Structure formats: C-alpha cells, structure tokens
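The structure under discussion appears below in the form of structure tokens.
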Amino acid sequence: MTLIDEFYNWAMMDGHGVYVWSVYVISAVTLVVLGAWPIRAEGRLRARVTNRVDEDSGA
Amino acid sequence: MGLIKDAFHRMGSPRFFYHGSSLWVRGLYVGGGLGLLVGSFWGLVLAPPDKYQGHSFRIMYMHVPSAHLAEMVYFACAVAGFVYLVWRMKMADVFITAAAPVGAILTMLALASGILWGMPTWGTGWVWDMRTTSVLVLLFLFFGLMALRQAIPRPDRAAYSVSILALVGVINIPIIKYSVDWFATLHQPASITLASEPTIETSMLWPLLLNAIGLYVFIAGVILAAMRLEVLKREHATEWVRAISKSR
Amino acid sequence: MGNFGVQFRRDLLIAIRGRTETANPVAFFVLALSLFVFAVGTDSETLPRVAPGVVWVVALFVAMLSTENLFHRDYDDGSLELMLLHNRPLFLGVLGKLLAHWCVSGLPVAILSPLAAVFINAPPEIIVTLVGTLLLGTPVLTLIGGIGAALTAGLGRGGLLLAVLVMPLYIPVLIFGSGACYRILDGAVATGPMLWLTALLAGSITLAPFAIGAALKGSQEY
Amino acid sequence: MHRADVLLNQPLIEASDLSCTVAGQLLFDRLDVTVLSGDVLELWGPNGSGKSTLLRCLAGLFSVDAGVIKRPEHLLYLGHRSGLNESLSPLENLRWYTGLREKNTSSEALSTAIRRVGLESYKDAPCRTLSAGQVRRASLARLCISDSPLWLLDEPMTSLDDDAAALLRTLIVEHRSMGGGSICATHVDLGFPETRVLELDA
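Protein chains in written order, with the working numbering: chain A, 7 to 65; chain B, 460 to 707; chain C, 9 to 230; chain D, 1267 to 1468.
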C-alpha cells in the first residue's frame, strides 16, 4: 500500500470523509472570515477618519 | 467598594475600552486559533472512529462547541441587555451590536454541521428533534435582534428596545426548548433517538474540550474586535478618535 | 374607574367605530382556511387529519396580522404619548388596550372555530378541545404580539419585522394548542398540553404588559 | 383650584446639567432649566436646535445622556401631534384623557371645555372630519381642563387662527395667575410680560 493509498483511505474515512471534511472546511473558512472581517473593517474606518482629519487640517 | 465601582465605570467608557482591548484581541486570536488547530487535528487524526457512527462522529468536535457557544452568545446578549436597562451602559449596547451577527454566524455553522452530521448517520439531513430545532429558533432570535436594530432610524437610540427584545428572547428560550422537546417525543419515530448523546470515551473527550475552549477564546476575540469596530463607528466624530488618526 | 377600564372602553369604542376594519381578521380567518382546502383537496382523508393544525396556524396568522396596527395608529396621532404620560400604572392601561384588541381578534376566532372546523370537515370530536385551546391560546398570542407591536410602534408599517420578531415566540403556543387537539384525535386525553397553555397564559399575562410598557417607552426614543 | 407647591414656592421642575446628543449631533450640553410657579419660559432657536427634544426630555418621553430632572407628579405635554384618535370625537377623546387622570370630571365640565375652544357644533364629529386648525383647538381643550401645575407646550401657536391664539394666551395667563408654570417652544413672540427666554443655538 503506497503512501498515497494510505492517505487516500485515511482521507475517505470509509465513505464519511466527504461530510467530515466539508464540515471542517466550512468551519475553517467561516472562522477565518469571522476573524479577519472586524480587523480589516477597522483598518478601513481608521483610514477614512485619517483622510477626513487630513482634509480638515489641510483645508 | 469604590475601586470596583470605579473600574466598572471606567470599563464602561468606550475610550478606555478601545485603548485597552487591542492587546486582548491579538492574544485571544492566537490562543483560540491554537486551541482549535490542535483540537481539530486531534479529533480528525488521532481520535479513534466511533463504534457505531464511524468517522462521521468527528463532526461532533465542531458541531457541539459551535451550537453550545451560539447559545452562550445569546445569553451574553441578554445579560448585556439587562446591564443596559439597569445602568444605561453604552458598552453593553456595543456588545449586543457586535455579538449578534457573530452569534448568528455561529448558529448557521452549527446548523450546517448538524445537517452534514445527520446525513451519513441517520440518513436524513434534518431531524425535527429538540436540539436542532432550538438551534434554528436561536437563529431567528438573532435575526430578530439584528432586524430590529436595522429598522430603527437612529442607531444610538435603538439600545433600549434591543435590550428589551434580548431579554424577552432569553426568557422564551427554555419554554421553546421544552415545547419542541414535547413535540419531538410526540412525533418522534422510535428509531432515531438523538436525545441520548453517543457515549463519549475519555479519549474522545479531550479533542472536544480543546475545540470548545479554543472556539470560546477565538470567538471572544472576534467579538472584542467587532466591538472595537463598533466603538469607532459610533465615536468617529469625537476628539479622541481624531487624535488617534493624527498620531498614526 | 381605573385606567384599565378607561383604556379598555376607549379602544373597544375605536374598534366598534371602525367596524369594517375590525372585521378584517375574521374575514381573513375564513379566507385562509379555504385556501388550505383548495391546496389539500377535500376527497382525501388527509384534510380531517390536518384540519386542527390548519385552524391553529391560521388563528396564529390572524393574531399576528391584527397586532400589527395595535400601537401604530396611537403612535401616529400622538395619543401614545398621552398614554405613556398619564397611564398610572402603565401596565394596567396596556392590559386594557390588549383586552379590547383581543375581543375583536382572538375571541371571534375562538367563537368561530367550531364553524371553521365543520367548514374544513375536521373530525367533530376535537371541536370542544379546539375552542378550549383557542380561548386559552389567542390571548397569549395577543400578549406576545403586543411586545412586538410595541417594539415596532414607531417604525412605520413596513412589512415583516413584526413577524420575524414575534413568530419564534409563538411556537410553544402553536405546539401545545394543536398538540392538544391531536391528542384527542388519537384518543388520548389532552390535559397535559391544556395545562401548559394555561401556564403560558398565566405567565404572559403577568410579564408581557411590563415588557410592552417598557417597549412603548423605548419606541418614543427613536 | 389651588396648588400645594404654590404655597411652598418649590420649583415646578428642576433640571440640572442636561446634555443630549442625537445621531451624533450634540443638541444641548450642561443645560439647567428651572421653572417656578408663575413663570413662563420661552424656548427660542432655529429648527433642529433641539427645542422639541428638550421638551420631550423634560416631559420624560425622551432620555437624556446626562443630567438630572426633578419632575412634578403630573404635567401637561402638548406636542406636535394632536393626541386625538381620528375615529373618536373631540368629546370622547377628552373623556378618555381625563379618565386616565382618574379625575371623575363631570360631562358638563367636558362640554364647557369643548365649547370654550369653539368646537361646540363638532362635539360628536369624528376627529378625522375636522380641519387642522380645529384639531389643534380640540387638543387645546386639554389645557382648559388641566390642573397640572406645569405645562410643556411645543409650538402651540402653529395653525391657530387669531381668536384661537387669543384663547391660548388667556389660558396661559389664567394658568399663570393660579401659580402654574409653563415652558413654550415657539417661533413667534407670545407677547407675555416678563417671560424668561432660553436660546438654543443650532
């Protein structure tokens, strides 16, 4: 049994692999997006506030 | 006594919260992420498959923590609602605004994993039993919180009503749970008894615990970060926010 | 006479004065029932089996649609402000208003339900239970709907917000209400769910008015 | 109709360092408002300067961000909206209003109030059939019959014709002579002797 077959059997989890992996992929994607969204949005908002401050001081 | 009151009061000020929380967010993200990675790896690779359900059992390591945490987030929103109604603390309302969407997404995650767990194990995606149905109802309660806040023209004036709705919701959760349970046992075909949790040997308990703690810590970080965003949104016209942007 | 009676008489008078509009819930009740019949068909024996649940679901929609304008008109013409300023204690005034509203929405549905049961040829043995559960359940629907109506009083008449807020809270009433009828249908006794409905009524009649009063104050803040 | 607090000359309402921001706009900050019996306080200021919001805060309908308000037990609030249900008549609306106050007002007192605001012939007409001016007069009927020591009037002069405006002035003068106080948000000068003015800038 080559390494690939072994990996294949393990990944297939005798038929249930599809469900298990899709759950973990969905969870991973959700959690990553959930984690990144507030940080990025805060960055964008701070940038917007900075521009406005520059405009005010510049104007 | 003065110290606690003072800390409670200071914790209530958005400015103090904003400056104090940036470190916490990073720490919670790293801690939570680590816990989730190790827990998932352990659950996916090391833990033995379940005698009856085989490998699909590994979905439990993600489904149970997210379903449980989703409910905890709603209870937390209700507590925050109570705090706002009693002490009129702005930060309590900031918490509800930030936590509701995160709770809704967690509930959807729990539903999705519940469906994907049900398919191979019991042949049907959706089982009208007490747990899955009350998670669905929880999703509607989260949508209710967000829909009400969305409908109110002035967001800073929405806090009072949203807090009331959160409290009304939390009082109804046990009632809904019981009535759905009564409904499920009335119509439950005998073959699928979901109520009895598959017996968890200790070797399977550790990854579940690790994943649960990891998820708790990570989501706490996410909510904190979302609260920082909300504070900035609400206070962007104030002096201290403009000061931050200048200093950068 | 306390503010409960004053508020009740006023709102009952308004409901009677606008007879055609207050007849809408009952007209809707009959119409929606017939829709189910057209959908399910009368020949098969599924209709009698489904009938109690159908009557209860339609009664629930009637309650929800009629609580929509419970506070909207008072908010628009300013009498809600007077209610909040001068109703001492507020929850009694709210109870009076809800009782008047129930008399023209929940009560007619409960009274009409035997006819409705015959109308969609439900098995006759469940009629008594049906009326009993509706008499116990529709006030709970009005009380819970009142909380949603108070929260959305100032938000214009836009669509489904009230439904999204209130429907999850209606689930227990629906389950025990139609559950009691199905118990009778299966020959069992229905005291369990009936007792649960009474408990829900007792709980909501004591707690909901306070939540409604607070929500009405909240609606002034928008 | 004498009033207890008139004798003690306690302030009818005492609000200290009120501040309120709505939708990011600071309406007023560190504002003190005190009304003694016999006072008439006029709130002046352009639209959107927070006159109505201040009145609603004083009435207790709107919550302030900071500040303490000591309110009387009963007060009369006349807002932009009429407070009359459209399918009821002015008389029925007034009966409901006085009924809430647990004042078992006789129906003659109600009819005299309606007659005083000049709606005698519309006594039983549903309010939806009344004109805007008549609706305002119908809500003025609450002033004729009120025994609250404090009146909060939000632009009471709007859509009133001359004799209705005159009636309002006499009502306020009567109220004052009995030791009552009132706060009026207004654009037009009410023309009362020694009224205090509180200017709210935009």
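Backbone N, C-alpha and C define an ideal beta-carbon position, used for all residues, glycine too.
Please read all numbers here as calculations on a predicted model, not as lab measurements.
Residues bridged to residue i [DSSP beta-bridge criterion]
| i | result |
| --- | --- |
| residue 1288 of chain D | D:1291 |
| residue 563 of chain B | Answer is none; residue 563 of chain B lacks a bridge partner. |
| residue 1300 of chain D | D:1280 |
| residue 1417 of chain D | D:1342, D:1448 |
| residue 225 of chain C | In the DSSP output, where bridge partners are listed per residue, residue 225 of chain C has none listed. |
| residue 1332 of chain D | D:1285 |
| residue 1465 of chain D | D:1310 |
| residue 628 of chain B | DSSP output for residue 628 of chain B lists no bridge partner at all. |
| residue 509 of chain B | B:513 |
Separation of residue j from residue i, as counted between CA atoms
| i | j | result |
| --- | --- | --- |
| residue 50 of chain C | residue 26 of chain A | 46 Å |
| residue 152 of chain C | residue 1352 of chain D | 27 Å |
| residue 530 of chain B | residue 199 of chain C | 32 Å |
| residue 516 of chain B | residue 187 of chain C | 34 Å |
| residue 183 of chain C | residue 542 of chain B | 33 Å |
| residue 611 of chain B | residue 157 of chain C | 14 Å |
| residue 1334 of chain D | residue 1299 of chain D | 10 Å |
| residue 51 of chain A | residue 688 of chain B | 8 Å |
| residue 1410 of chain D | residue 603 of chain B | 45 Å |
| residue 533 of chain B | residue 1366 of chain D | 39 Å |
| residue 28 of chain A | residue 475 of chain B | 41 Å |
| residue 163 of chain C | residue 74 of chain C | 16 Å |
| residue 82 of chain C | residue 114 of chain C | 21 Å |
| residue 566 of chain B | residue 485 of chain B | 24 Å |
| residue 523 of chain B | residue 671 of chain B | 8 Å |
| residue 141 of chain C | residue 642 of chain B | 16 Å |
| residue 185 of chain C | residue 551 of chain B | 37 Å |
| residue 1417 of chain D | residue 1343 of chain D | 6 Å |
| residue 23 of chain C | residue 85 of chain C | 16 Å |
| residue 226 of chain C | residue 1447 of chain D | 28 Å |
| residue 703 of chain B | residue 1290 of chain D | 19 Å |
| residue 1424 of chain D | residue 1445 of chain D | 26 Å |
| residue 540 of chain B | residue 159 of chain C | 15 Å |
| residue 483 of chain B | residue 695 of chain B | 22 Å |
Option in the options with minimal Cα separation from residue i
| i | options | result |
| --- | --- | --- |
| residue 45 of chain A | B:683, B:646, B:513 | B:683 |
| residue 37 of chain C | C:18, C:117, C:79, C:57 | C:117 |
| residue 616 of chain B | B:544, B:475, B:521 | B:544 |
| residue 34 of chain C | C:119, C:138, C:211 | C:119 |
| residue 676 of chain B | B:630, B:488, B:474 | B:488 |
| residue 1324 of chain D | D:1461, D:1451, D:1428 | D:1451 |
| residue 21 of chain A | B:569, B:580, B:619 | B:580 |
| residue 94 of chain C | D:1433, D:1408, D:1295 | D:1408 |
| residue 60 of chain C | C:74, C:41, C:103 | C:41 |
| residue 128 of chain C | C:78, C:55, C:88 | C:55 |
| residue 634 of chain B | C:209, C:39, C:189, C:190 | C:209 |
| residue 1449 of chain D | D:1420, D:1413, D:1432 | D:1420 |
| residue 607 of chain B | B:513, B:623, B:518 | B:623 |
| residue 509 of chain B | A:61, A:19, A:8 | A:19 |
| residue 204 of chain C | C:105, C:226, C:144, C:133 | C:144 |
| residue 599 of chain B | C:171, C:134, C:137 | C:171 |
| residue 512 of chain B | B:582, B:686, B:618 | B:582 |
| residue 1403 of chain D | D:1364, D:1467, D:1428 | D:1428 |
| residue 25 of chain C | D:1399, D:1461, D:1354 | D:1354 |
| residue 1376 of chain D | D:1284, D:1394, D:1356 | D:1356 |
| residue 564 of chain B | A:53, A:16, A:56, A:40 | A:40 |
| residue 13 of chain C | C:133, C:47, C:58, C:101 | C:101 |
Contact belief for residue i with residue j at Cβ below 8 Å, rounded distance in angstroms
| i | j | result |
| --- | --- | --- |
| residue 1389 of chain D | residue 1380 of chain D | 5 Å |
| residue 558 of chain B | residue 535 of chain B | 6 Å |
| residue 593 of chain B | residue 629 of chain B | Not quite, the Cβ-Cβ distance comes to about 13 Å (not below 8 Å), so this is no contact. |
| residue 1435 of chain D | residue 1456 of chain D | 7 Å |
| residue 108 of chain C | residue 19 of chain C | 4 Å |
| residue 621 of chain B | residue 555 of chain B | 6 Å |
| residue 1464 of chain D | residue 1327 of chain D | 19 Å between Cβ atoms; not a contact. |
| residue 1371 of chain D | residue 1364 of chain D | 4 Å |
Residue-level contact to chain F via CB, residue i, 8 Å cutoff
| i | result |
| --- | --- |
| residue 45 of chain A | Here chain F cannot be found, since the structure's protein chains are A, B, C and D. |
Any contact of the region 1323-1338 of chain D with the region 1276-1294 of chain D, i.e. 3+ C-beta pairs under 8 Å?
yes
How do the region 657-672 of chain B and the region 499-513 of chain B stand: do at least 3 beta-carbon pairs fall below 8 Å, yes or no?
yes
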